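What the sequence shown shows, in full-length UniProt numbering, is residues 1 to 307, in sequence order. Just so it is clear, CB atoms sit at the ideal spot from N, CA and C, and this is done for glycine as well. If you're wondering where the values come from, they're calculated on a predicted model, not measured in any experiment.
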Amino acid sequence: MKLQRLRYFAAVYEQGSFSAAAEQVNATQSGLSMHVSQIEKRYGVLLFQRSSSGVTPTEAGRLFYAEAVKVLAAARHAEDRLQTLSKSVVGHINVGLMPTFTRSVLTSVLLRFADEYPEVRLSISEAYSGAIADEVAAGRLDFGVVPAAFELDDTLVATPMGEDLECLVCAADRVIPMRKDGVMLSDLSPLRLVLPGPGNARRHRIETYLAVNGIEVSELLELDTMHGTLDLVARSDWMSILPGVLCLPDLDGKRRKVVPLIDPPLMVNYMRIQTRKQPLGVAAQAFADILQEELNSALEIPPISAH
Numbered sequence: 001m002k003l004q005r006l007r008y009f010a011a012v013y014e015q016g017s018f019s020a021a022a023e024q025v026n027a028t029q030s031g032l033s034m035h036v037s038q039i040e041k042r043y044g045v046l047l048f049q050r051s052s053s054g055v056t057p058t059e060a061g062r063l064f065y066a067e068a069v070k071v072l073a074a075a076r077h078a079e080d081r082l083q084t085l086s087k088s089v090v091g092h093i094n095v096g097l098m099p100t101f102t103r104s105v106l107t108s109v110l111l112r113f114a115d116e117y118p119e120v121r122l123s124i125s126e127a128y129s130g131a132i133a134d135e136v137a138a139g140r141l142d143f144g145v146v147p148a149a150f151e152l153d154d155t156l157v158a159t160p161m162g163e164d165l166e167c168l169v170c171a172a173d174r175v176i177p178m179r180k181d182g183v184m185l186s187d188l189s190p191l192r193l194v195l196p197g198p199g200n201a202r203r204h205r206i207e208t209y210l211a212v213n214g215i216e217v218s219e220l221l222e223l224d225t226m227h228g229t230l231d232l233v234a235r236s237d238w239m240s241i242l243p244g245v246l247c248l249p250d251l252d253g254k255r256r257k258v259v260p261l262i263d264p265p266l267m268v269n270y271m272r273i274q275t276r277k278q279p280l281g282v283a284a285q286a287f288a289d290i291l292q293e294e295l296n297s298a299l300e301i302p303p304i305s306a307h
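Written out as structure tokens, the structure is:
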């Protein structure tokens, strides 16, 4: 069986429709349907249940997909080995990152990567977790980074990247009742709080933390823009809860005050996601490794601003 046919089958499985799969692999819908039908006819099995709303894999389809992604991964690995042996890393990689990373470690990563791999073309997309996961699943990103609280479907695999502290962020001149090296939100309630919308993977965990600890919120403002959130809290009495790594540029305390949440702390874990069928190529893996190293260094810095 040709690898192209396996790729077409995997695309249909992951997208749940021939039309979406055709767009992903840049082929015609009729062509994909023909390839899948030929597999079914040759082996006498039904891989998908067809309907007007799309396709649903049968048990045979699910088992075949599990084996197909192994073959596709092995083929990619063999290609990468040849590229490594040629000692020339080239190509184009696409990576999706949250504002947490683009505001903190991205510049250091870009400078290192451009110096070590000058022949690789790099595209970075900034988005929140849901959009990143969708783009990875659609094959438009080599990998993305999202909070570990984000739920993945069976076409994606995750690699843990590290654990971070969530912090209270407010205006630099705001007086905060400090306890040890952090703040208890109960000492500040009721809060005027800026949070991302319900589609953000961190939103549910923050709301659960507030409810469990009996923290009252007098006003809630939803902002799905990091720049807007940071500017608002710097210029008003609104506050927000943000990951420590994202707040590293504010540790000088000039525009914003950053204080970790304590008693109890609230943690956020990061993970790298990619498609199950497509292991990272040499260039993408190199970028992921540098990103991990820079993140590790950033996580060692206590996320508390100067007072």
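Y43 and I206 have their C-alpha atoms spaced approximately 51 angstroms apart. Between G61 and G139, the alpha-carbon positions lie close to 20 angstroms from each other.
In the three-state reduction of the DSSP assignment, S19 falls in the helix class, which pools H, G and I. Taking 8 angstroms as the cut-off, the Cβ atoms of F143 and L280 count as close.
Secondary structure at K277: coil, using DSSP grouped into helix, strand and coil.
When the five nearest sequence neighbours on each side are left out, the beta carbons in the same chain lying within less than 7 angstroms of the beta carbon of T28 are those of A22, in order along the chain.
Rounded to whole angstroms, the gap between the alpha carbons of L6 and A68 is 6 angstroms. For the set I290, L291 and A148, the Cα lying nearest the Cα of M271 is the one of A148.
Assignment of F150 by DSSP, reduced to helix, strand and coil, places it in the coil class. Fully contained in the stretch 142 to 202 is no alpha helix (DSSP H) run of length 4 or more. Within the same chain, F48 and Q49 come within 7 angstroms of T56 by CB-CB distance, once the 5 residues on both sides are set aside.
Considering only R202, P198, L232 and V183, the residue with the shortest C-alpha distance to R192 is L232.
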